[in-house]
Structure formats: C-alpha cells, structure tokens
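Under my numbering, residues 1 to 222 are what the sequence shown spells out, in order. Let me begin by presenting the structure, written as structure tokens, before commenting on it.
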Amino acid sequence: MSLALNDLLICCRQLEHDRATERRKEVEKFKRLIQDPETVQHLDQHSDSKQGKYLNWDAVFRVLQKYIQKETECLRTAKPNVSTSTQATRQKKMQEISSLVKYFIKCANKRAPRLKCQELLNYIMETVKDSSNGAIYGADCSNILLKDILSVRKYWCEISQQQWTDYIITLRIPPTNAQEGRRVDERVTGMHLQAPSTRQHSVLWHRVKMFYSLRVLWKQCS
Numbered sequence: 001m002s003l004a005l006n007d008l009l010i011c012c013r014q015l016e017h018d019r020a021t022e023r024r025k026e027v028e029k030f031k032r033l034i035q036d037p038e039t040v041q042h043l044d045q046h047s048d049s050k051q052g053k054y055l056n057w058d059a060v061f062r063v064l065q066k067y068i069q070k071e072t073e074c075l076r077t078a079k080p081n082v083s084t085s086t087q088a089t090r091q092k093k094m095q096e097i098s099s100l101v102k103y104f105i106k107c108a109n110k111r112a113p114r115l116k117c118q119e120l121l122n123y124i125m126e127t128v129k130d131s132s133n134g135a136i137y138g139a140d141c142s143n144i145l146l147k148d149i150l151s152v153r154k155y156w157c158e159i160s161q162q163q164w165t166d167y168i169i170t171l172r173i174p175p176t177n178a179q180e181g182r183r184v185d186e187r188v189t190g191m192h193l194q195a196p197s198t199r200q201h202s203v204l205w206h207r208v209k210m211f212y213s214l215r216v217l218w219k220q221c222s
C-alpha cells in the first residue's frame, strides 16, 4: 500500500474511534487527504479495478457513514435543556456533518461516477428511514438525490422501475421549496427525453413528476 493510502487508512480508523474528540481531530485531515492527487489517483484506480481487497471510494464512504452515525448519536443523546449558544453549536455541528457527506461525494465523483449507485441510495434510504435523522438531514438527502444521482445518467440507468417505485414511496423527501421542485421536475424530464429506448423511464417519469408536484404543493400549504 502506498504511503498516501496508508495515511488515509489510519485517518479512517481514527474516524471510527469511540472517543468523539479523537474522531473530530481527524475531520480536516480527512478532507485534505481525499483531495490529495496521489491519494485520489489510487482510490480511482482501485474503484475502477473493482477489486474489493484494496481501499477504494466505496470503502471510504462506508467509514464516513459510521463516523456520521457516531456523531449523530452523540448529538441525539446530549442534554436537551441547554443554552441558546449550545443549541446553535449543535446545529452547526449537524450542518458540518451533512456538508462533509456532500463534499466527499463531490471529491469521489469529480472525475467520473466512481461511488456505487446502490451505496448512495442506501445511505439516503437509511438516513431518511430514521425519523430523527430524516428531520436533520432530509433536505440534504433530497439535494444529493437531485444533484448527485438524478444528474448522472450512469446512475439512473442502473435503477429498475420497481426500485424507483420503492424509493419514492419510502423516501418521501419534500423539496425544500417550489424552485427545487421545478429543478427535480426538469431533471426527470431530461431523463425521460434522453432514454426513450428504456421503457421503465416512461412510467417512472410520470410517477416521479406526480410525486414531487404533490410534495411542492404540500410544502406550500404547510
């Protein structure tokens, strides 16, 4: 293993540490390493080779998810009756956690979609299914779905009609506003026009449009 990947592996292990202080010390190092040219090159190569014995983007993403789970659990079990400043600090921490996920996905898929579609969708599903996590990260999950999955032809072509139906029913992520709803509508319309030979998208197109249109109306009326 290269020295660059070895540094990342050590960093990943620290992100899984039981002590919150140890985990948090590694975050900035983690962000730096996943942008390091040599590290990125190795992760890209290992992801492309599809050899699971090497550290690749999917493996790092799974570590990141464990880190998020630990940090979210810490915030969830913290004392509820605290000062306004402490509440603001916790809110900032939640935003940082969510931003780290989006930052990682951007770094991993910057050159080509190297994260597995199923890994991304599983993250979204598991996050939103958890009622407390859904309330915290739901809007960002919607953003990931729009910008990092629906915008990537390779991804949405890998998802069957039945899977999409299941995701739509289970996720129920409302767009944060009408403008986002229109962006989703435009994205799905683009999917439909670009894949006329794929029959599953004809039905999917109408279902997703109806789903998000209803969610926009619900958001406006709530």
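Note that the Cβ used here is the ideal one computed from N, Cα and C, for glycine as well. Note that the structure is predicted; figures quoted are calculated from it, not measured.
Does the stretch 115 to 129 come close enough to the stretch 153 to 161 to have 3 or more Cβ pairs within less than 8 Å? yes
* Asked: By DSSP, does residue 153 sit in helix, in strand, or in coil?
  -> On the sequence shown, position 153 is the one that residue 153 refers to. Of the three classes helix, strand and coil, the one that applies to residue 153 here is helix, per DSSP.
Under 6 Å Cβ to Cβ from residue 225, same chain only, skipping five residues before and after it: list those, please.
Here the chain has residues from 1 to 222 only, and residue 225 is not among them.
Would you report the Cα separation of residue 60 and residue 79, rounded to the nearest angstrom? Counted from its first residue, the sequence shown places residue 60 at position 60. Counted from its first residue, the sequence shown places residue 79 at position 79. Taking the straight line joining both Cα atoms gives about 31 Å.
Open item on the list: Please classify residue 10 as buried or exposed, where buried requires at least 16 neighbouring CB atoms within 10 angstroms.
Closed with: Indexing the sequence shown from 1 puts residue 10 at position 10. Residue 10 should be labelled exposed.
Taking the beta carbon of residue 86 as the centre, do at least 16 other beta carbons fall within 10 Å, making it buried, or is it exposed? Along the sequence shown, one-based indexing puts residue 86 at 86. Exposed, since its Cβ has fewer than 16 Cβ neighbours within 10 Å.
Q: Report, in whole angstroms, the separation of the C-beta atoms of residue 136 and residue 101, which I expect to be a contact under 8 Å.
A: As a working note, residue 136 is residue 136 in the sequence shown. As a working note, residue 101 is residue 101 in the sequence shown. About 12 Å; that fails the 8 Å criterion.
- Message: By alpha-carbon positions, which one of 77, 44 and 34 ends up nearest to residue 20?
- Response: The residue you call residue 20 lines up with position 20 of the sequence shown. That would be 77, whose Cα lies nearest to the Cα of residue 20.
CA-to-CA distance, residue 154 to residue 146, given in whole angstroms:
Counting from 1 along the sequence shown, the entry for residue 146 is found at position 146. Counting from 1 along the sequence shown, the entry for residue 154 is found at position 154. Cα to Cα, the separation comes out at about 14 Å.
Using three-state DSSP, classify residue 163 as helix, strand or coil. For the purposes of this step, residue 163 is taken as the residue at position 163 of the sequence shown. Reduced to three states, the DSSP call for residue 163 is helix.
Taking the alpha helix (DSSP H) that residue 24 belongs to, which residues open and close that run? Counting from one through the sequence shown, the residue named residue 24 turns up at place 24. Looking at the DSSP string, the run of the alpha helix (DSSP H) that includes residue 24 is 20 to 25.
| field | Neighbourhood of residue 108 by C-beta distance below 6 Å, restricted to the same chain and skipping five residues each side | value | To locate residue 108, count along the sequence shown from 1; it is residue 108. 57, 114 and 115.
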